[in-house]
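Q:
In the numbering used here, the protein residues as written are 3 to 382.
(1) Quick check: what's the CA-CA separation for residue 89 versus residue 5?
(2) Compute the distance between the beta-carbons of residue 260 and residue 221, then report whether it is under 8 Å.
(3) Answer yes if the region 288-299 comes into contact with the region 334-343, meaning at least three C-beta pairs across the two stretches below 8 Å, and no otherwise.
(4) Quick one: is residue 115 buried, meaning 16 or more other Cβ sit within 10 Å of its Cβ, or exposed?
(5) Considering only their Cβ atoms, is the gap separating residue 211 from residue 267 smaller than 8 Å?
(6) When you compare only the Cα positions, how much space is there between residue 150 and residue 53?
(7) Buried or exposed for residue 363, going by 16 or more other Cβ atoms inside 10 Å?
(8) Touch check for the region 75-85 and the region 55-62: three-plus C-beta pairs under 8 Å?
(9) Could you spell out the range, first to last residue, of the beta strand (DSSP E) harbouring residue 196?
(10) Residue 57: buried (16+ other C-beta within 10 angstroms of its C-beta) or exposed?
(11) Using only the alpha-carbon positions, how far apart do residue 119 and residue 152 sit?
(12) Can you tell me which of 13, 17, 113, 164 puts its alpha carbon nearest to the alpha carbon of residue 216?
(13) Within the continuous alpha helix (DSSP H) that includes residue 344, where are the two ends?
(14) I'd like to know whether the C-beta atoms of residue 317 and residue 227 end up nearer to each other than 8 Å.
(15) Within the same chain, show all residues whose beta-carbon is closer than 7 Å to that of residue 195, passing over the 5 residues directly before and after it, in chain order.
(16) Roughly how many angstroms separate the alpha carbons of residue 185 and residue 72, rounded to a whole number?
(17) The beta strand (DSSP E) with residue 153 in it runs from where to where?
(18) Which residue's Cα is closest to the Cα of residue 248: 109, 269, 183, 168?
(19) If you draw a straight line from the alpha carbon of residue 365 to that of residue 174, how long is it in whole angstroms?
(20) Would you mind listing the beta strand (DSSP E) stretches within the region 78-117 that are 3+ residues and don't spill past its ends, in chain order?
(21) When we look at the beta-carbon of residue 423 and count the other beta-carbons within 10 Å, is it buried (16 or more) or exposed?
(22) Using a beta-carbon distance below 8 Å, is residue 364 in contact with chain C?
(23) Please state if the CB of residue 103 and the CB of residue 181 are separated by a distance shorter than 8 Å.
(24) When you compare the CB positions of residue 92 and residue 246, do they come within less than 8 Å of one another, or not?
(25) Verify whether the separation of the beta carbon atoms of residue 229 and residue 178 is less than 8 Å.
(26) Can you find a heavy atom of the ligand FAD that lies under 7 Å from the Cβ of residue 110?
(27) Would you check if the distance between the CB atom of residue 8 and the CB atom of residue 121 is smaller than 8 Å?
(28) Is DSSP giving residue 220 helix, strand or coil here?
(29) Between the C-alpha atoms of residue 321 and residue 160, what's the straight-line distance to the nearest angstrom?
(30) Where residue 330 and residue 234 are concerned, what is the direct C-alpha to C-alpha distance, given to the nearest angstrom?
(31) From residue 361 to residue 355, what distance separates their C-alpha atoms?
(32) For the alpha helix (DSSP H) that residue 250 lies in, which residues bound it at each end?
(33) Would you call residue 357 buried or exposed, if buried means 16 or more other Cβ atoms sit within 10 Å of its Cβ?
(34) Using CA coordinates, which residue listed in 96, 12, 169 is at the minimum distance from residue 51?
(35) Would you tell me roughly how many angstroms separate the C-alpha atoms of residue 44 and residue 327, rounded to the nearest one?
(36) Shortest alpha-carbon distance to residue 42 belongs to which of 165, 299, 252, 314?
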């Protein structure tokens, strides 16, 4: 079953109350209308914090808006096709991505058509680009997906949900956007269809497709967990018909670990992440419940992408001997690693505490919005 991109809370935020698109969507989903309307009463990204710092974010976003235009993410294919084996093509793609474009991690996998949105839901014309038509069916027949991964600076992430995390996340998105657009163009130049999917224009549901490519495994928070960065990462993807060999799926022991570790859920200020012991079947996928509207409400309250769950996740901690041991132990599976390592994590780090991490001196003093949040739900 394919998904309309409007099923994403971010896409619905672009709908105009009373418009034809609004009426059509909420006739099908009346349970969401009241909650979604309430989001418009909150400050939003540019409504919190100093204008000078918000304009730094706007600068990143405006470039991403231009990168997300159709003639940037897609384009004509060179009629002269350069033939090569799938092995050599994968080597070329990874070499170009890592050594020239600067990608931290590159993974390749099949593109399951179930992970392609059925209908376009987001426009991004508000952020510096020409309006992208929404509500149109999506046709993306490509067979393969190339994922580019960029880590998030943990020293900045520790201060989530303060304003600097928003800038760091969009720094990563900006780099990923440039890399994906250039990679897609390179592939088209050697005679194969290719499309870049970036934060300002994508047609693919990233997490399940990234799992198939071996980027990582799905965590309790609904965010992908990778060996290299834990949840502290962002991705872009290039879909293509260029024949490529695939990477193996990741085996980190995330399922067993997340069942016994609830640190992300305990620290979530919006109570968006499930504290349940067991997963549920949601839209045909076995996963933990996630209240996207609660998460998005925190975004609109703080004027940031929050990032608390990424910071709190044990997998996201910076490289160290202890962290390597934890990854090794978690990959063994079973309940013991999750129980033991979670207790150790709480002992060393404690509940998430943005106040312990001063804001960068070059930024203005952040508003104290986060002080009203609770970062330890264990007693609830």
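Glycine is no exception: its CB is placed at the ideal position from the N, C-alpha and C atoms.
A: On the basis of the coordinates in this document:
(1) 33 Å
(2) yes
(3) no
(4) exposed
(5) Not closer than 8 Å, so no.
(6) 32 Å
(7) exposed
(8) Cβ pair count under 8 Å is below three, so no.
(9) Where residue 196 is concerned, the enclosing beta strand (DSSP E) starts and stops at 196-199.
(10) Around the beta carbon of residue 57, fewer than 16 other beta carbons sit within 10 angstroms, so the residue counts as exposed.
(11) 23 Å
(12) 113
(13) 337-351
(14) Taking the C-beta atoms as reference points, residue 227 is found nearer than 8 Å to residue 317.
(15) 79, 144, 242, 243
(16) In this model, residue 185 and residue 72 are separated by some 15 Å (Cα to Cα).
(17) 146-153
(18) 109
(19) Cα to Cα, the separation comes out at about 19 Å.
(20) 107-112
(21) Outside the shown range of the chain, which is 3 to 382, sits residue 423, and nothing can be said about it.
(22) Checking the listed chains, one finds no chain C in this structure; it contains a single protein chain.
(23) Taking 8 Å as the Cβ cut-off, residue 181 and residue 103 qualify as a contacting pair.
(24) yes
(25) no
(26) You won't find the ligand FAD in this model; it holds no ligand whatsoever.
(27) yes
(28) Residue 220 sits in a strand when the DSSP states are folded into three classes.
(29) 15 Å
(30) 19 Å
(31) Straight-line Cα distance between these residues: approximately 13 Å.
(32) Careful: residue 250 lies outside any alpha helix (DSSP H) and carries neither H nor E.
(33) exposed
(34) 169
(35) 43 Å
(36) 299
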